[in-house]
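Sequences listed follow chains A and B, in order.
Residue numbering for the first sequence follows the numbering used here, beginning at 1 and increasing consecutively.
Residue numbering for the second sequence follows the numbering used here, beginning at 1 and increasing consecutively.
Number of protein chains: 2
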Amino acid sequence: MVKEKKDFSITPYEVGGQVDYSKLIKEFGVSKLDSRTLERIKKQTGELHVFLRRGIFFAHRDLNWLLDEYDAGNKFFLYTGRAPSKGSRVHLGHLIPWIMCQWLQEKFDVDMWFQFPDEEKFLYKPDITLEDTEQATYEDMLDVIALGFRPEKTKFLIDTKHAGIMYKEACKVAKKITFSMVKSSFGFNESNNVGSIFYTAMQAVPAFLPSVIKKKNIPCLIPLGIDQDPHFRISRDVMPKLGYYKPAIMHNVFLPPLTGIGGKMAASSGSETAIYTTDTPEEVKKKINKYAFSGGQATIEEHRKKGGNPDIDVSFQYLKMFFEPDDNKLQKIHDDYKSGKLLTGELKAILIEKINKFLSEHQKKREQAKKMIDKFVLKN
Amino acid sequence: MVKEKKDFSITPYEVGGQVDYSKLIKEFGVSKLDSRTLERIKKQTGELHVFLRRGIFFAHRDLNWLLDEYDAGNKFFLYTGRAPSKGSRVHLGHLIPWIMCQWLQEKFDVDMWFQFPDEEKFLYKPDITLEDTEQATYEDMLDVIALGFRPEKTKFLIDTKHAGIMYKEACKVAKKITFSMVKSSFGFNESNNVGSIFYTAMQAVPAFLPSVIKKKNIPCLIPLGIDQDPHFRISRDVMPKLGYYKPAIMHNVFLPPLTGIGGKMAASSGSETAIYTTDTPEEVKKKINKYAFSGGQATIEEHRKKGGNPDIDVSFQYLKMFFEPDDNKLQKIHDDYKSGKLLTGELKAILIEKINKFLSEHQKKREQAKKMIDKFVLKN
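Right, dumping it as structure tokens:
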């Protein structure tokens with residue numbers, strides 16, 4: 001378990017406290033996603049996605065190597081995932097790596113492998129059944145499809161459904177991972193169940209399964225939240241031993257919960273801290289108005305005089321991280337808020353409109369996705 | 001790891017020393033297979049197989065409960081298995097539980113599930129690949145089919161091939177097994193790989209998979225070598241938690257290696273200690289004559305005078321355990337050998353003829369089995 005001196009903690013199972021991302025880069029041994037690398041991406045894509053321009057993806061492993069391979073004609077594929085869980089609906093924070101993947105698929109014209117490890121939450125949480133998880137998997141697939149992935153270039157892998165092709169490969173990974181490695185990476189102990197101990201091997205499989213199927217070594221790029229990095233720290237060590245490239249990784253920061261800029265938006269922390277993809281416009285309005293932590297002053301008078309603090313204002317941060325891609329417009333909102341010209345209520349109104357516009361479109365596509373699932377799920 | 005005070009040791013991965021089966025019954029907490037239970041079997045089958053009459057199956061768990069269920073019209077199914085491994089050919093010792101299963105299938109008219117855990121040896125031995133194991137699995141299936149199982153009532157499960165139906169069920173088992181449980185049952189430590197730690201969950205699955213498929217709770221009977229008991233000690237605890245019966249178990253003693261009556265015949269100990277199902281008549285003759293440990297005296301003169309000791313004579317033990325089902329004939333061989341009338345060479349000649357007759361028939365059926373594999377392997 002990676003613990004950073006009491007200030008904050010990051011593991012695949014917990015994100016707590018105010019996250020210091022510079023410290024995290026050092027702690028995790030990842031590289032900063034710097035302007036040189038971003039320029040290399042821009043050379044291929046013509047433009048940079050807002051998540052790249054604004055540092056939402058802030059770190060990486062081996063991205064320059066991946067771009068070297070791409071330049072040399074060796075296309076990569078994308079891999080990310082989502083662990084379905086009863087009662088854990090998809091929220092805006094989940095969408096960040098997925099939107100990044102969709103954009104990268106489009107710009108680089110590459111395959112996308114999306115894993116739904118439907119056993120993971122079951123193995124880690126006492127009160128979840130595998131039967132519960134089936135419905136959750138279905139709901140999650142709708143959100144992924146709604147983001148616009150191309151069906152002919154996208155494969156959904158569902159662990160229990162595709163174990164017939166995954167388990168054999170997972171055994172090859174598992175043979176190279178000892179209990180003590182898992183123990184130190186995930187903070188496990190002897191009371192962990194043997195399924196949870198094995199699970200990291202299943203999570204590694206999609207990073208080389210396309211290479212197995214196509215019988216050639218294909219580079220892999222995994223966009224993910226930085227908290228999921230430990231899973232791949234182990235598998236990056238293992239994959240060269242099996243004859244495959246280490247997957248490259250791009251790490252994103254956490255979308256903060258509504259209630260304050262520490263930690264990450266989490267489906268498990270209660271519905272007031274997160275905006276879900278299935279929230280109604282009224283729910284969004286109510287949540288933002290009621291819960292979104294404000295950087296403004298206590299009274300309008302004081303706010304007009306002293307101004308607000310956009311750096312700790314969750315509404316502003318959401319606009320910056322996700323909903324206002326126009327740099328000039330964002331700058332104006334920033335300046336107006338800081339000067340006191342823009343009130344907290346007005347800032348929230350801007351965000352509410354943006355989120356609801358996004359969700360209205362997303363929910364429409366999510367409905368259409370119901371007829372498209374078969375096109376995405378890998379044929380067994 | 002079950003260690004019996006330095007005299008002998010029994011785990012699923014090692015059998016060493018002279019085995020004291022009475023001690024083992026106590027140590028393992030199993031029940032002696034007594035005349036009362038044998039009579040109950042005989043009531044259903046009309047006769048008792050030589051393995052039952054002569055104590056080759058010597059212990060059990062819950063066999064009386066299983067027979068109660070059978071009497072009440074609740075038929076059981078049989079489950080046993082074989083872990084395929086490159087360089088580990090099937091020998092006579094392997095056949096004992098399988099022959100028992102075939103006999104029980106015939107007499108009780110029940111289904112047989114035969115597991116080929118093709119990942120097990122791969123996970124436990126550094127130098128084995130999964131690709132090597134494919135050929136070994138094929139060879140092993142031929143030996144099983146050759147024993148006369150009924151295709152319409154027999155299903156072969158191959159772990160990597162059938163993981164699509166097994167992994168999900170294995171996760172349910174795995175959630176109930178902690179590392180410390182596996183550690184104490186199998187003598188594992190933190191250097192064990194995570195695949196080997198998970199594996200026992202896969203081994204439990206066939207004991208309830210028919211119940212999953214048929215959506216009703218069906219009793220299970222597992223004939224196996226006593227060294228495999230620890231795998232099922234854990235899963236017997238788990239299965240009621242999943243809503244299934246604990247499987248009943250019948251335990252057989254080990255067929256001793258040619259070289260002496262301690263330990264068990266093992267494919268991994270070198271070809272001189274075991275008779276393989278694919279051995280030629282010449283190989284059998286040579287091995288028995290050269291290696292079969294003799295209870296006879298050093299010279300013919302001495303043998304005629306003092307007589308031999310059938311209790312430690314491997315050839316006599318093979319006749320008793322496997323190849324001479326006629327009690328009168330066996331008694332005569334015993335008495336003649338003990339009195340010195342029958343010489344070691346003559347005793348060996350009797351055994352050689354018996355084994356070669358058995359193998360000649362087995363090998364013929366093994367050839368025919370090549371066209372029957374599809375009838376046995378479970379449809380995915």
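Every residue gets a Cβ at the ideal spot worked out from N, C-alpha and C, and that includes glycine.
On a predicted model such as this, the values are computed, not experimentally measured, just so you know.
Proximity test, Cβ basis, 8 Å: residue i and chain A
| i | result |
| --- | --- |
| K175 of chain B | yes |
| K172 of chain B | yes |
| L130 of chain B | yes |
| A136 of chain B | no |
| S31 of chain B | no |
| D374 of chain B | no |
| Q368 of chain B | no |
Buried or exposed by the 16-neighbour rule on C-beta atoms within 10 Å, applied to residue i
| i | result |
| --- | --- |
| S211 of chain B | buried |
| R236 of chain B | buried |
| K6 of chain B | Confidence at K6 of chain B is low in this model, with a pLDDT of 39, below 50, so its placement is unreliable and the value that follows should be read with caution. Under this definition K6 of chain B is an exposed residue. |
| T160 of chain B | buried |
| S315 of chain A | buried |
| K168 of chain B | buried |
| D62 of chain B | buried |
| D127 of chain B | exposed |
| I213 of chain B | exposed |
| T277 of chain A | buried |
| I41 of chain A | buried |
| G308 of chain B | buried |
| R366 of chain A | buried |
| S85 of chain A | buried |
| Q368 of chain A | exposed |
Residue-chain proximity (residue i, chain B), Cβ-Cβ < 8 Å
| i | result |
| --- | --- |
| K338 of chain A | no |
| F156 of chain A | no |
| S88 of chain A | no |
| S35 of chain A | no |
| E119 of chain A | yes |
| N380 of chain A | yes |
Chain-ordered neighbours of residue i on chain A, where CB pairs are closer than 8 Å
| i | result |
| --- | --- |
| I197 of chain B | F179, V194, I197 and F198 |
| A83 of chain B | Chain A residues near A83 of chain B: none, gap ~13 Å exceeds 8 Å. |
| E282 of chain B | The contacting residues do not exist; E282 of chain B stays about 39 Å from chain A at best. |
| E190 of chain B | T178, F179, S180 and K183 |
Interface residues of chain A facing residue i [CB-CB closer than 7 Å]
| i | result |
| --- | --- |
| Y167 of chain B | T160, A163 and Y167 |
Within chain B, partners of residue i - CB distance below 9 Å
| i | result |
| --- | --- |
| L123 of chain A | C171, A174 and K175 |
| K354 of chain A | Chain B residues near K354 of chain A: none, gap ~41 Å exceeds 9 Å. |
Residue j beta carbon less than 8 Å from that of residue i
| i | j | result |
| --- | --- | --- |
| S294 of chain A | D313 of chain A | yes |
| F388 of chain B | F376 of chain B | The structure shown does not extend to residue 388 of chain B, since chain B spans only 1 to 380, so no value can be given for it. |
| N64 of chain B | P219 of chain B | no |
| V173 of chain A | A146 of chain A | no |
| M250 of chain A | V205 of chain A | no |
| L319 of chain B | I350 of chain B | yes |
| S31 of chain B | A59 of chain B | yes |
| L258 of chain A | Y291 of chain A | yes |
| L33 of chain B | F57 of chain B | yes |
| I454 of chain B | I261 of chain B | It is not possible to answer for residue 454 of chain B, since the shown part of chain B is limited to 1 through 380. |
| F198 of chain B | M239 of chain B | no |
| K26 of chain A | L378 of chain A | no |
| Y245 of chain A | N217 of chain A | yes |
Listed by chain order, chain B residues near residue i by CB distance under 7 Å
| i | result |
| --- | --- |
| V182 of chain A | V194 |
Neighbour list for residue i in chain D, Cβ cutoff strictly below 7 Å
| i | result |
| --- | --- |
| A201 of chain B | In the structure shown, chain D does not exist; the protein chains are A and B. |
Q.
If contact is defined by three or more beta carbon pairs under 8 Å, each pair taking one atom from either stretch, is the region 163–178 of chain A in contact with the region 172–185 of chain B?
A. no
Q | At least 3 beta-carbon pairs within less than 8 Å: the region 130–150 of chain A vs the region 75–95 of chain B | A | no
Q: Examine the Cβ distances between the region 33–48 of chain B and the region 104–115 of chain B and report whether three or more of them are shorter than 8 Å.
A: yes
Q.
Count Cβ pairs between the region 122–133 of chain A and the region 116–124 of chain B that sit closer than 8 Å; are there 3 or more?
A. no
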